[in-house]
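In my numbering, the protein residues as written are 270 to 512. What follows is a set of notes on a single structure, which appears directly below.
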Ligand SMILES: [Zn+2]
């Protein structure tokens, strides 16, 4: 029998989801977020860029505000009211101390118990190459959890009034080929479809398929891929590190 995924921890109140681009959380994760906010938990989104390099036919200065609006709308569908943008440059986000400092500052401000990010490894399941931005932001989010807890790393943050935060108990990585945990995709599924559909300009530039058919098909396929390892239920899977 295939090794089963463990249900995600539920004894937490605040999560911070850190990704590179608008749409990164909607491609799979938003269904889990919907269930969490239904349960009265607070989830904040932190995006390293505004996704301004994401639409071939649209110049970055026009693309950035459009994708920002789409991200705010898609977050609202799953009960997320706070979305912050760090304004690193889409496509050339650099892993480094500048990015780690920005994420560590957000962790100290929002005091999450759970930090969520997207796959930081080279590929998705050994089949699809991951992007440089996803790798950089995923790794920086993981590293920033330790940075946030250490007063001697980025001491300027303490001077800005951001005390160390040592309360992160788990890091959960979405889209990982080494998933350990999962959330039932059922309760949040319809909202996950509507949430991803809010990225309409991006999706219409991406595919000639009907946007809703494309979104529904993608989210159905990815959640059903995890069913075998979650008692037959379609699921949103995460690789979880307990701290
Ligand atoms: Zn992305």
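All residues carry an ideal CB built from backbone N, CA and C; glycine is no exception.
Q: Rounded to whole angstroms, what's the CA-CA distance from residue 369 to residue 394? Just pull it up for me.
A: 26 Å
(Q) Assuming residue 434 is part of the beta strand (DSSP E), what are its boundary residues? (A) Per DSSP, residue 434 belongs to no beta strand (DSSP E) and is neither H nor E.
**Q.** residue 248 versus residue 423 - alpha carbon distance
**A.** As displayed, the chain neither begins before 270 nor continues past 512, which places residue 248 out of reach and without an answer.
(Q) Which residue wins for smallest C-alpha separation from residue 271, given the options 277, 510, 460, 495? (A) 495
Q: Rounded to whole angstroms, what's the CA-CA distance from residue 354 to residue 332? Just pull it up for me.
A: Whole-angstrom Cα-Cα distance: 14 Å.
Q.
Counting C-beta neighbours from all protein chains within 10 Å, is the total for residue 388 16 or more, i.e. buried, or is it exposed?
A. With a 10 Å radius around the Cβ and a threshold of 16 neighbouring Cβ atoms, residue 388 comes out buried.
Q) Is residue 346 near ligand 2, going by C-beta to nearest heavy atom under 8 Å? A) Ligand 2 is not part of the structure shown, which contains ligand 1 as its ligands.
Q.
Considering only the alpha carbon of each residue, which of 427, 481, 382 lies closest to residue 512?
A. 382
Q.
Please tell me whether residue 441 and residue 386 are closer than 9 Å, where the distance is taken between their beta carbons.
A. yes
Q: On a CA-only basis, which of 436, 411, 404, 471 is nearest residue 281? Give me that one, please.
A: 436
Q. Do residue 357 and residue 313 have their CB atoms nearer than 9 Å?
A. no
Q) Would residue 359 pass as a contact of residue 323 if the rule is Cβ separation under 9 Å? A) yes
**Q.** Start-to-end residues for the beta strand (DSSP E) that takes in residue 508
**A.** 504-511
Q. Between the segment 285-296 and the segment 464-472, do three or more beta carbon pairs fall short of 8 Å?
A. yes
Q. Span of the beta strand (DSSP E) holding residue 385?
A. 383-387
**Q.** Spatial distance of residue 296 from residue 488 (CA atoms)
**A.** 7 Å
Q | Straight-line Cα distance separating residue 428 from residue 499 | A | Looking at the two C-alpha atoms, the distance is approximately 46 Å.
Q: Give the straight-line distance between the Cα atoms of residue 420 and residue 501, rounded to the nearest whole angstrom.
A: 45 Å
Q | C-alpha gap between residue 431 and residue 372, whole angstroms | A | Cα-Cα distance, rounded: 12 Å.
Q.
At the level of alpha carbons, what is the spacing between residue 320 and residue 276?
A. 32 Å
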